[in-house]
Amino acid sequence: MYTAATNSGFRIVVSIIASGTDSVDLATCCARGIAVGNTPHCNVTTVTEHVLALYFATRRSIVQTNMLTRAGDWPTKGSQQATMDGPDNKAPRTCHDELVGIIGYGAIGKNIESTARLLGMKTAVAGRKGAQAPEGRVAFETVIHESSVLVVCLPRSPETLNLISEVEFNQMKPYALLINVSRGGIVDEGALLSSLRQGKIAGAGTDVYSQEPAAPSNNILLTSDTADLNLVTTPHVAWYSEETFDNYNRACRSNVAGFVTKGEPEYRVC
């Protein structure tokens with residue numbers, strides 16, 4: 013937070029070191045004349061790479077095969093290839109066979125799309141749930157049903173809570189993967205866990221949780237009885253890289269400089 017003196021007295025600016033604004037009461041800030049700026053697009057590259065890491069980890073069952081190899085299952089139980097099979101009993105797909113459905117088409121969604129295409133994947137960008145898809149997008153329900161990889165990367169809002177729930181999981185392909193790098197609460201965790209256990213989808217990777225910090229004591233995805241599932245969990249670190257910090261510092265300085273020189277932050281949201 014930065015305070016500056018102006019002709020009309022002291023004014024305050026809040027610069028959020030993130031693109032999301034759910035940590036700040038925007039309505040109260042606006043009502044009190046407090047300027048708010050965020051730092052958008054700073055973690056686009058890093059989050060995209062984390063999505064790919066979660067994709068390969070789940071499609072190739074990396075965590076499961078690592079655990080089994082370290083436990084000595086290979087020499088005692090033979091080939092571990094079946095561990096990598098999906099609920100459809102087929103071997104893992106490769107990038108050229110994947111259709112990546114993207115839910116959320118901001119800077120991160122756009123970068124995921126272009127990167128996925130470089131890997132030979134096909135892509136489909138979802139329209140809004142329950143609405144006709146605009147030109148260039150695909151109906152939400154079609155993306156849910158047809159995608160082999162579903163990437164969730166949109167902001168949390170009242171409209172997006174439980175956006176992906178039991179209805180959506182029931183429509184997904186049995187070889188589909190869900191990758192969630194958005195915010196906790198957008199994917200119904202109970203429905204996700206049930207779908208994994210019942211073999212409705214092949215696997216999931218998530219970096220976000222309904223309650224954070226997440227632990228086995230407060231999150232059903234992290235309890236010991238989920239260890240055998242093709243579920244890769246990371247502690248909200250998709251954004252974390254040296255490049256992101258450099259970008260955050262630059263954007264925050266721009267917000268303060270804009271407030272001092274022009275009376276509003278460079279990346280104003282309120």
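Numbering (the working numbering), first residue to last: 13 to 282.
Built from N, CA and C at the ideal position, the CB exists for glycine as well.
Using only the alpha-carbon positions, how far apart do residue i and residue j sit?
i, j, result
"Asn174", "Gly98", "25 angstroms"
"Gln76", "Asn55", "29 angstroms"
"Phe22", "Arg44", "Summary for Phe22: the model assigns pLDDT 48, below 50, so the residue's position carries little reliability; its value from the coordinates is reported in the next sentence. When rounded, the distance between both Cα atoms is 12 angstroms."
"Arg168", "His62", "19 angstroms"
"Asp34", "Gly196", "12 angstroms"
"His53", "Met184", "30 angstroms"
"Ala16", "Tyr252", "Below a pLDDT of 50, predicted positions are generally treated as unreliable, and Ala16, at 48, falls in that range; the measurement from the model is reported next regardless. Whole-angstrom Cα-Cα distance: 31 angstroms."
"Ile74", "Gly84", "16 angstroms"
"Cys282", "Ser236", "43 angstroms"
"Val25", "Val268", "8 angstroms"
"Arg140", "Asp200", "18 angstroms"
"Thr58", "Phe257", "11 angstroms"
"Leu80", "Trp86", "7 angstroms"
"Thr218", "Leu66", "8 angstroms"
"Lys89", "Thr238", "22 angstroms"
"Ser206", "Cys264", "42 angstroms"
"Phe152", "Ala143", "8 angstroms"
"Gly202", "Glu158", "22 angstroms"
"Phe271", "Arg280", "9 angstroms"
"Ile208", "Ser229", "Contrary to the premise, residue 208 reads as Leu rather than Ile in this sequence. Taking the straight line joining both Cα atoms gives about 20 angstroms."
"Cys42", "Pro277", "14 angstroms"
"Gly132", "Ile191", "18 angstroms"
"Thr172", "Arg82", "40 angstroms"
Can a CB atom of chain C be found closer than 7 angstroms to the CB of residue i?
i, result
"Leu175", "Absent from the structure is chain C; it holds one protein chain and no more."
If you follow the alpha helix (DSSP H) that residue i is part of, which residue opens it and which one closes it?
i, result
"Asn261", "Glu254 to Lys274"
"Ala288", "The chain is shown only over 13 to 282; residue 288 falls outside these bounds and no answer can be derived."
"Val150", "Careful: Val150 lies outside any alpha helix (DSSP H) and carries neither H nor E."
"Val75", "Ile74 to Arg82"
"Thr88", "Asp85 to Lys89"
"Leu233", "It is not in any alpha helix (DSSP H) - Leu233 carries neither H nor E in the DSSP assignment."
"Leu38", "Leu38 to Ala43"
For the candidate residues the options, whose alpha-carbon lies nearest to that of residue i?
i, options, result
"Ala214", "Gly32, Arg265, Val26 and Leu241", "Leu241"
"Ser160", "Pro146, Arg71 and Val268", "Arg71"
"Pro247", "Asp258, Ser194 and Thr256", "Ser194"
"Ile198", "Lys212, Arg209, Val163 and Leu189", "Val163"
"Glu125", "Cys165, Pro146 and Met96", "Cys165"
"Val249", "Tyr279, Pro225, Glu153 and Asn101", "Pro225"
"Leu64", "Asn261, Ser91, Arg82 and Val112", "Val112"
"His361", "Glu171, Leu233, Thr127 and Thr172", "Because the chain here runs from 13 to 282, residue 361 falls outside it and cannot be looked at."
"Asn101", "Thr60, Ala188, Leu38 and Thr40", "Ala188"
"Asn123", "Asn261, Thr60, Gln223 and Leu38", "Thr60"
Excluding the five sequence neighbours on either side, which residues of its own chain have a C-beta within less than 7 angstroms of the C-beta of residue i, listed in chain order?
i, result
"Glu180", "Ile156"
"Lys274", "none"
"Val36", "Val26, Ile28 and Val48"
"Ala30", "Asn50 and Thr51"
"Ile255", "One detail in the question is off: residue 255 reads as Glu in this sequence, not Ile. So the qualifying residues of the chain are Thr57 and Thr58."
Short of 6 angstroms in beta carbon distance, which residues of its chain neighbour residue i, apart from the five on each side in sequence? Order them along the chain.
i, result
"Ser137", "Per the sequence shown, residue 137 should be read as Val rather than Ser. These residues qualify, in order along the chain: Ile114, Tyr117 and Arg149."
"Tyr221", "Gly196 and Asn231"
"Ala119", "His53 and Val56"
"Ser177", "Asp200 and Ala203"
"Lys327", "The requested residue 327 does not occur in the structure, where the chain is confined to residues 13 to 282."
Can you list, in chain order, the residues of its chain with a C-beta nearer than 8 angstroms to that of residue i? Leave out the 5 residues immediately preceding and following it.
i, result
"Ala103", "Gln93, Met96 and Asp97"
"Arg129", "Thr135"
"Ala69", "Val75, Gly217 and Val244"
Which residue marks the beginning of the beta strand (DSSP E) containing residue i, and which one marks its end?
i, result
"Gly121", "Careful: Gly121 lies outside any beta strand (DSSP E), inside the alpha helix (DSSP H) at Ala119 to Leu130."
"Ile114", "Leu111 to Ile115"
"Ser27", "Gly21 to Ser27"
"Val244", "Leu243 to Thr245"
"Ala138", "That residue, Ala138, is in no beta strand (DSSP E); it is neither H nor E in DSSP."
"Gly49", "Ala47 to Gly49"
Does any heavy atom of the ligand NAD sit closer than 6 angstroms to the C-beta of residue i?
i, result
"Glu276", "In terms of ligand content, the structure shown is empty, and the ligand NAD therefore cannot be addressed."
Quiz prompt | beta strand (DSSP E) runs contained entirely in the segment 145–218, provided each spans 3 or more residues | solution = 161–164, 189–192 and 215–218
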